[in-house]
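Take the sequence shown: its letter number 105 is residue 476 in my numbering, and every next letter is one higher. To start, the structure under review is shown below, and the notes come after it.
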Amino acid sequence: MPAEDLREEKIVIGDHIYHLMPNADKEIFKLFEHQHGYQSISNRAQSAYQRDSVATPLKHEHIHVLRNHIPQELCQSLITEFENDQQGIQHPSVLEVILPQVLTEEVDEHLRSYFDSEYCVFWWSINKVHIDDEEEWYSTKWHCDGGPVKHLKLITYLNGYEEHGSDTGYLDEKSTLALKDIGYIFNQMHERNIDIEPLCQHFDINYQPKGVKANVGDTVIFNPYQLAHRAIPPKVGVPRYALNFCIVPSELHWKKVAEEYFFPIYDCQDFRDFTQISNKITEKTMQPNAHIEIGLAHSIENFEHVEYLLANIIEKLSTAVAIANHIKKVDPNLVECHSVFALLKLVKKIIIEQLSPEKLMEAKWLDALSDLAEYETNFIDSMGRYALGNKPNPNAVFWPNPEHEKHPQSKYDMLPYAKKQPIMDMNTAIGSAGSCFAFEIAKYFQQEGYNYVITERNDNPYSGMQVDGYTPGDTIAKFCANYGILFNTPSFCQLAEKAFGLRTFNKLLIKSDTGCLLDPYRENVAFNSQQAYLADYEQHVEAVKQAFLQCQVFVVTLGLNECWQLADGTVMSRNPRENMYHLVKHKTLSVEENVANIQRFFDIIKQHNPDFKLIISVSPIPFLATGRADEQHIISANCHSKAVLRVAADQLVSNNKDIYYLPSYELVTECVEDAWETDTRHVKSTTVAQVVAMFKEIFVTE
């Protein structure tokens, strides 16, 4: 859900007004985890982690209190220094003294357990809190901190609860999640509330706030993203002093980060700024060597190559390092692992030895074995991508070169398909719809003796209906039913929706300059009168429905990604006449929209006809005109249109078992030397014959 679509809701409960913003939590998650890379930061930190961890309460409860964590003397000293020189206490030398006394072994254990990785300090501060008006201080209202899912606040109280009465109130994770779901958490800061008990009661959310009542030297570690919390303000005239640290995952130990890469900043910082810091740490730690030399024929000639490969094979960096160190010890001259293949064999042997009954089986070695198997599978797949021997059509791999010394080939002598898909025979019920190119294909299907489904003709000369290019009594029908030419994907969707009664359409009739009446949804179909249109309407819908129910195979030809949309959201099958521009607006369809339209067309028919299979082609016929000429030349607009439709077709085939692709566009534009009529927009009949012949070779069994 895009951020601009977030809508605020206001709810009144008794004397309280609450402002809710549903889905704000999802936007915060996307912002930090995906857009600013914190999910990647956490994953990299976990992969590089080499120390062992034990589970601590913090990991599951997201909060933990360490009593008597730092000496009272140090607390009083910091308060005194703060009061004497608030600027001087921000000097890095002060933090250098404080950090080792705060990040003790006990704290270190909790933090590593929580992150499953090393960590570092992003920012720190010493706060003096005194407040006269609780309503004006946003931190006193229930909230969560907007930031990454995995970060921690570490607060060390320099004076105690009994002195100032200030506390950190919090709710458990389940209640916090419920508040996120209703949209209270992450609403606007100025719209937070001190009292949310009525809100919780209204939505049946467990409201049992807890506090820590920290004394001098106590430290609270908690995740302010996971737990709703608020600051209980101190007594009037009695300030609260506290040390604050923001902790985030890191690939390196906090000391190394502070000494060599990034020293914590004083005062609260924007989480979006840490992404670049983390990326720099990653860049500097990935590979200390200036280069990695890759030998010929998969040979391995240096240990840097071994380390590089292992880091790519084994996801957990600590395991990869352990294997590399073992290889360095047992095979320093690279005798055993002289090639990539030999290395993989040796690595597999090392891992399996760790899984033997005589040794302790650890999950990391099972994971490493899985990583190795995945790597080998990908390696084999990659090596075979350009191989000719394992391809259903060896000519599909390399571009044909008529001047090649050993294997001269011309694209004009080949058909552009990769493999055959024998899904039908000449007796299989087949139908088609689409652009004018689709009619040419339909004509050849009928002439070649395919079982082309026809549920509606126009053989009554007194019907008052005309189908362009068809004369009553003609043996060759233009379409399965008289739905006319369909140039855009919404028209296919609308045709299925109309056939099965899933959508109501206005009965629009447009006067043409010849005096006929036109249906905007049925291009190339005209009526002499309103009566003729109305008399035909229901029987036509039924004919379309019957065609879809009878067809076992249906060929659609996608023509354009530009269309004209009516106010009700429906789309014309072609371009508007002069007397229609006040009713429509121009639209350029995306890949996703085209995919959705054809997917719905397919799903609707498939629901009623389980045997239905769809073959998609892209019409080679270019635009007659573009509605984007302010920005695009018609030739560019046409290239964009065909590219969008081709990608959409590929996605549909990948997503569906019974959808296939006919490369008619590729055949006409690349493999037919003399494909076009003199207008360069329509193909010759011989070209269509080649398309149908290719169709038969790909899809029809003898």
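Cβ atoms here follow ideal geometry from the backbone N, Cα and C, with glycine treated the same way.
Scanning the region 410–476 from its first residue to its last, the whole alpha helix (DSSP H) runs of 4-plus residues come out as 428–432, 443–455 and 463–473. Under the 10 Å beta carbon count, Ser1025 is surrounded by fewer than 16 other beta carbons and is classified as exposed.
About 6 Å separates the Cβ atoms of Val1039 and Val1054, confirming a contact at the 8 Å cut-off.
The DSSP-derived three-state label of Val718 is helix. In this chain, His778 is not harboured by any beta strand (DSSP E), its DSSP state being neither H nor E.
Counting only the Cα atoms, Leu759 lies some 8 Å from Asn766. Taken through DSSP and simplified to helix, strand or coil, Trp1047 comes out as strand. Restricting attention to beta strand (DSSP E) runs no shorter than 3 residues, the region 591–669 encloses them at 600–603 and 611–621, ordered along the chain. Under the DSSP assignment, Thr1058 falls in the alpha helix (DSSP H) whose first and last residues are Ser1056 to Phe1070. When the Cα atoms are used, Val942 and Arg1052 turn out to be separated by approximately 24 Å. In this structure, DSSP gives Asp702 a state outside helix and strand, which the three-state scheme calls coil. Contact holds between the region 1005–1012 and the region 923–941, because three or more Cβ pairs, one in each stretch, are under 8 Å apart. In this model, Gln1022 and Leu714 are separated by some 38 Å (Cα to Cα). Excluding residues up to 5 positions away in sequence, Asp487 and Ser488 lie with their Cβ nearer than 7 Å to the Cβ of Gln417 in the same chain. Ranked by how close their Cα comes to the Cα of Gly408, the residues Ser448, Pro620 and His561 have Pro620 in first place. Assignment of Tyr823 by DSSP, reduced to helix, strand and coil, places it in the strand class. In this structure, Asp890 sits away from Leu905, with a CB-CB distance that is not shorter than 9 Å. Rounded to the nearest whole angstrom, the CA to CA distance from Phe403 to His431 is 22 Å. The beta-bridge partner set that DSSP reports for Thr959 consists of Glu933. If you ignore the 5 residues before and after Thr653, its C-beta comes within less than 7 Å of the C-beta of Arg415 and Glu622, all in its own chain and listed in chain order. Within the model, the alpha-carbon separation for Thr1058 versus Met1065 is close to 11 Å. Taking C-alpha positions only, His405 is separated from Met836 by approximately 57 Å.
Contact fails between the region 815–827 and the region 781–791, because fewer than three Cβ pairs, one in each stretch, are under 8 Å apart.
Here Lys551 carries a helix assignment [DSSP, helix/strand/coil].
In this chain, the alpha helix (DSSP H) harbouring Cys807 covers Cys807 to Gln818. One alpha carbon belongs to Lys977, the other to Phe863, and they sit about 14 Å apart. Contact check for Pro580 and Gly540: beta-carbon distance about 5 Å, within the 8 Å limit, so the pair qualifies. With fewer than 16 neighbouring CB atoms inside 10 Å of its own CB, Phe769 falls in the exposed class. About 6 Å separates the CB atoms of Thr527 and Val473; that is less than 8 Å, so the two are in contact. The C-alpha of Ile1069 is placed about 33 Å away from the C-alpha of Ala996. Here His407 is not bridged, per DSSP, to any residue. At least 9 Å separates the beta-carbon of Leu737 from that of Ala613. Under the DSSP assignment, Gly755 falls in the alpha helix (DSSP H) whose first and last residues are Ala734 to Gly755. The three-state reading of DSSP puts Met951 in helix, counting H, G and I together. The residues Tyr815, in chain order, have a CB closer than 7 Å to that of Ala1060 in the same chain once the five nearest residues on each side in sequence are set aside. Counting along the chain, Lys397 sits inside the alpha helix (DSSP H) bounded by residues Ala395 to Phe400.
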